[in-house]
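Novice: Submitted below is the structure of interest, expressed as structure tokens.
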Amino acid sequence: MAQLTSANRMAGLRAAPSFAERIDLPQRVVFLAAASMIGIVILLLGFITWQGLQLFLKDGVPVTQVLSTTWQPDSTSPDVTFGLLPFIAGTVFVTAVALLISTPLSVGLALFLSEVAPRWARAIVQPALEIFVGIPSVVWGWLGITILVPFLSDTFHHDFVLSLPVVGEVFRAPGFLTGFSWLAGSLVLSIMVLPTITSVSFDAFRAIPQELRTGSLALGTTRWQTIRHILIPAALPGVLTAVVLGMTRAAGEALAVQMVIGNSPMMPQAISQPVTTLTSQITLDMGNTVFGEPWQDALWTMSLVLLIISITSVVLVRVINKRRMAS
Amino acid sequence: MTATASSAGSGSRGPSPSLRHRRSSGSILADRAATVVLWGTGIFVLLLLGAIILHFAVAAWGVVSPSFVLNDPSDSALGGIMPVLWNSLYMLALTMLIAIPVGLLGGIYMSEYAGDNPITSAIRFAEEAISSVPSIVVGLFGLILFVDNFHMGFTALGGALALTLFNLPLMTRLSEQALRAVPQDERSASLALGATKWQTIRHVVVPLAIPGLVTGVILTAGRVFGEAAVLLFTSGIGTPAHYDFANLDLTNPASPWSPFRPATTLSVYIWKLQSEGLGAFKNQIIDGSAAILISMVLIFNLGARLVGRLLTRRLTAA
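Protein chains in written order, with the working numbering: chain A, 1 to 327; chain B, 1 to 318.
Structural data, given as structure tokens:
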């Protein structure tokens with residue numbers, strides 16, 4: 001465009017750029033619209049960081065206390081303690097198990113869609129995944145409460161299950177009465193992050209040049225050998241990105257997890273016990289606390305931890321992708 | 001290249017012993033098993049989705065009816081969900097009213113103007129950062145910004161603004177993709193005819209991108225409609241009793257048309273009912289509401305596909 005106008009000018013078609021051309025109002029407006037996101041991020045980081053630090057700055061709670069395991073926020077109790085470790089550990093463990101369940105399933109599904117499925121099957125499964133993405137988290141939580149939790153409770157109190165060697169031990173652990181548990185939270189999350197991990201891994205498999213497949217198959221390998229020894233290694237950075245994105249979504253999911261996890265602020269010990277997460281506790285307590293009291297400040301500190309987790313994962317994805325570009 | 005060459009070379013003599021060994025009966029068996037497992041993942045997803053839809057169809061049977069959709073909530077009887085459904089639609093409209101222009105303009109910048117410079121990468125980073133921030137944290141940001149700092153209280157406007165900034169990255173990215181899909185030749189042709197850059201964008205690029213843009217809008221709308229965590233602490237969780245639609249005074253918090261009032265949406269209502277509701281009809285109301293949410297998701301998804309396809313056909317045929 002700049003070349004065109006200068007060409008016009010050289011040809012003497014126009015003496016000088018018009019006022020409107022010099023200002024280029026449209027460009028400024030569209031730039032502002034895009035750059036507004038930078039402003040949002042700065043504001044968000046600023047506000048959440050400031051609020052999150054109040055627990056230390058205003059209420060004088062030492063950082064070491066926050067890293068303890070006792071959560072006793074009620075100001076009427078004799079020993080008020082703001083230990084956030086149960087929530088951080090809960091978020092990490094619930095997310096980890098969710099990813100352990102979801103990653104093989106999602107990568108398998110991505111491989112199915114990219115390598116195995118005929119066109120008609122892909123045309124059915126892909127829209128189904130989009131519908132999964134669209135199902136609101138309260139609906140997942142409600143399904144968890146009405147179907148998953150009673151199922152877990154029934155199944156794992158069954159004499160047969162309790163008589164099993166390792167599994168029985170886990171479910172004989174105290175606390176697993178109602179089915180609201182770490183396991184329930186992880187299962188709900190594993191389905192919720194399935195579309196994220198699947199679609200990003202699918203893109204990674206699709207991006208592999210066709211020559212790698214034909215080359216491998218021409219050497220006489222089976223499709224599975226090609227997948228295992230060629231495609232999965234080649235797509236590994238992409239699959240890793242997918243898992244990080246799934247992790248971000250799982251760690252940040254609030255309502256569905258809160259509905260099924262049991263909300264017990266204790267360090268996670270057995271997968272059958274009720275635990276809690278950062279998001280669950282914020283969801284539950286924010287409305288019941290007063291702005292400015294230490295209890296609520298502790299909730300803001302939790303949200304700061306969540307923010308740090310999510311920004312770290314964005315940076316992590318960038319690093320993974322930069323490596324891929326370099327190699 | 002080397003692969004094709006070597007296989008062609010060995011073709012005349014038959015596969016070399018090492019290659020024949022690789023395709024042993026064991027590896028063929030493993031291949032068959034893998035194929036079955038991979039098909040299994042696809043079938044699992046379809047069965048799960050089918051089961052969920054079937055479950056809600058059964059659970060909502062006898063609950064969802066015209067009166068359920070059109071009546072006010074009731075303490076003693078099943079009642080209806082009209083006010084919260086209205087709020088969901090209202091919040092959707094208010095959010096999209098802000099998000100569509102800003103997202104489209106931002107998409108235009110990213111697709112047509114953005115150069116390879118630090119500002120562009122900063123915008124990209126911000127885009128990814130906002131998308132990855134948990135929705136509950138975005139809700140808290142709305143709480144501190146709109147409710148506490150601007151002293152707005154719990155309002156539909158505050159909720160819509162929080163939803164907008166949460167969905168702005170998605171809207172911007174989908175717009176950018178739709179605009180980038182327009183062939184470069186169209187731009188060159190327009191510029192060659194003497195149109196300015198902005199005339200080209202307005203009269204050539206955006207109209208050609210409309211199918212993609214509409215799909216983007218509908219997909220964003222689907223996400224906005226079901227969102228709850230952002231709204232818990234911005235637009236409030238109180239149960240509205242009754243709305244008087246004759247009250248058109250936009251500044252009056254009692255008017256259902258006013259953006260300056262608390263607005264509990266359908267998703268938030270489900271969360272609230274399950275966490276504190278004790279009513280005899282709690283489960284039926286939640287099942288019915290969830291069924292309506294799922295139907296809306298299906299409608300948004302199918303709508304995005306259908307409208308996108310129809311618009312593409314019409315625009316490319318013309």
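Built from N, CA and C at the ideal position, the CB exists for glycine as well. Fair warning: this is a prediction, and the values are worked out from it, not measured in the lab.
Under 7 Å, CB to CB, which of the residues in the region 269-296 of chain B have a partner in chain A?
Specialist: Residues Ile270, Trp271, Gln274, Ile286, Ala290, Leu293, Ile294.
Novice: Show which residues of chain B have a CB atom less than 8 Å away from the CB atom of Gly252 (chain A).
Specialist: Near Gly252 (chain A) (Cβ distances below 8 Å), the residues of chain B are Ser132, Val133, Pro134, Ser135, Ile136, Val137.
Novice: What residue does the alpha helix (DSSP H) around Val214 (chain B) start on, and which one ends it?
Specialist: It spans 206-226 - the alpha helix (DSSP H) in which Val214 (chain B) sits, taken as one unbroken run.
Novice: I want to see whether chain B comes within less than 8 Å of Val319 (chain A), judged by CB atoms only; does it?
Specialist: Output row for Val319 (chain A): interface = no.
Novice: Can you have a look at Ser289 (chain B) and say buried or exposed, based on whether 16 or more other CB atoms are within 10 angstroms of its CB?
Specialist: Ser289 (chain B) is buried by the Cβ-count criterion.
Novice: Quick one: which chain B residues come within Cβ less than 7 Å of Thr248 (chain A)?
Specialist: Ser132, listed in chain order.
Novice: Grab the span of the alpha helix (DSSP H) containing Gln274 (chain B) for me, first residue to last.
Specialist: From DSSP, the alpha helix (DSSP H) with Gln274 (chain B) extends over 266-276.
Novice: Trp71 (chain A) bridges to which residues according to DSSP?
Specialist: Answer is A:Phe82.
Novice: Whose C-beta lies closer than 7 Å to the C-beta of Thr155 (chain A) among residues of the same chain, with five residues either side of it excluded?
Specialist: Correct list, in chain order: Val161.
Novice: Give the secondary structure of Val138 (chain A) by DSSP, where H, G and I count as helix, E and B as strand, and everything else as coil.
Specialist: The answer is helix: DSSP assigns Val138 (chain A) an H, G or I state.
Novice: Report the residue from B:Leu157, B:Ser131, B:Arg313, B:Asn247 whose alpha carbon sits nearest the alpha carbon of Leu231 (chain B).
Specialist: Nearest C-alpha to Leu231 (chain B): B:Leu157.
Novice: Taking the C-alpha atoms as reference points, what is the distance between Ile285 (chain B) and Arg223 (chain B)?
Specialist: The alpha-carbon atoms of Ile285 (chain B) and Arg223 (chain B) are separated by roughly 22 Å.
Novice: Please list the residues of the region 198-211 of chain A that have a C-beta atom closer than 7 Å to any C-beta atom in chain B, keeping them in chain order.
Specialist: Within the region 198-211 of chain A, no residue qualifies.
Novice: List the residues that DSSP assigns as beta-bridge partners of Val275 (chain A).
Specialist: Bridge partners of Val275 (chain A): A:Gly262.
Novice: Any idea what DSSP makes of Met247 (chain A), helix, strand or coil?
Specialist: The answer is helix: DSSP assigns Met247 (chain A) an H, G or I state.
Novice: Starting from Phe56 (chain A), find everything on chain B with Cβ-Cβ shorter than 7 Å and list it in chain order.
Specialist: The contacting residues do not exist; Phe56 (chain A) stays about 18 Å from chain B at best.
Novice: Check whether chain B comes within 8 Å of Trp182 (chain A), counting only Cβ atoms and requiring the distance to be less than that.
Specialist: No, because no Cβ of chain B sits closer than 8 Å to the Cβ of Trp182 (chain A).
Novice: Look up Phe56 (chain A) in the DSSP assignment and say whether it is helix, strand or coil.
Specialist: Helix, per DSSP.
Novice: Do you know offhand how far Phe132 (chain A)'s Cα is from Ala123 (chain A)'s?
Specialist: So the alpha carbons of these two residues sit roughly 15 Å apart.
Novice: In three-state terms, what does DSSP make of Asp116 (chain B)?
Specialist: DSSP places Asp116 (chain B) in coil when its eight states are reduced to three.
Novice: Considering only C-alpha positions, which residue in the set B:Leu310, B:Gly40, B:Gly139, B:Phe233 is nearest to Phe154 (chain B)?
Specialist: Selected option, being the one with the closest Cα: B:Phe233.
Novice: Taking Cβ-Cβ distances shorter than 8 Å, what residues in chain B pair up with Phe47 (chain A)?
Specialist: Neighbours of Phe47 (chain A) on chain B, chain order: Phe141, Ile144, Leu145.
Novice: By Cβ distance, which residues of its chain are closer than 8 Å to Arg305 (chain B), with the 5 residues on each side in sequence left out?
Specialist: Counting only Cβ-Cβ distances below 8 Å, and skipping sequence neighbours, we find Thr215.
Novice: Assign Met286 (chain A) to one of three DSSP states: helix, strand, or coil.
Specialist: DSSP places Met286 (chain A) in helix when its eight states are reduced to three.
Novice: Three or more beta-carbon pairs under 8 Å between the region 261-274 of chain B and the region 236-245 of chain B, yes or no?
Specialist: These segments touch.
Novice: By the criterion of Cβ-Cβ separation under 8 Å, what are the contact partners of Glu293 (chain A) in chain B?
Specialist: Result: empty, since nearest Cβ-Cβ is about 14 Å, beyond 8 Å.
Novice: Please classify Trp61 (chain B) as buried or exposed, where buried requires at least 16 other C-beta atoms within 10 Å of its C-beta.
Specialist: The residue in question, Trp61 (chain B), is exposed, as its Cβ has fewer than 16 Cβ neighbours within 10 Å.
Novice: Let me check understanding here. Comparing Cα to Cα, which of B:Leu213, B:Ser258, B:Trp39 lies closest to Ala121 (chain A)?
Specialist: Measuring from the Cα of Ala121 (chain A), the nearest candidate turns out to be B:Trp39.
Novice: Give a yes or no on whether the C-beta atoms belonging to Thr41 (chain B) and Phe112 (chain A) are separated by under 8 Å.
Specialist: Cβ distance < 8 Å, so Thr41 (chain B) and Phe112 (chain A) count as in contact.
Novice: Would Val64 (chain B) be called buried (16 or more neighbouring beta carbons within 10 Å of its own) or exposed?
Specialist: Looking at its Cβ environment, which holds 16 or more other Cβ atoms inside 10 Å, Val64 (chain B) is buried.
Novice: Touching or not, the region 299-308 of chain A and the region 43-57 of chain A, by the rule of three or more beta carbon pairs under 8 Å?
Specialist: They touch, by the three-pair rule.
Novice: Report yes or no: do the region 129-137 of chain B and the region 271-286 of chain A share at least 3 C-beta pairs separated by less than 8 Å?
Specialist: Result yes; three or more Cβ-Cβ pairs closer than 8 Å.
Novice: Rounded to the nearest angstrom, what separates Ile294 (chain B) and Lys272 (chain B) at their Cα positions?
Specialist: Their backbone Cα atoms lie some 18 Å apart in a straight line.
Novice: Name the chain B residues that come within less than 8 Å of Phe93 (chain A), Cβ to Cβ?
Specialist: Near Phe93 (chain A) there are no residues of chain B at all, since even the closest Cβ is about 17 Å away, more than 8 Å.
Novice: Could you check whether the Cβ of Leu163 (chain B) sits closer than 7 Å to any heavy atom belonging to the ligand ATP?
Specialist: In the structure shown, the ligand ATP is absent, as is every other ligand, since no ligand is present at all.
Novice: Taking the beta carbon of Gly159 (chain B) as the centre, do at least 16 other beta carbons fall within 10 Å, making it buried, or is it exposed?
Specialist: Answer is buried; the Cβ neighbour count reaches 16.
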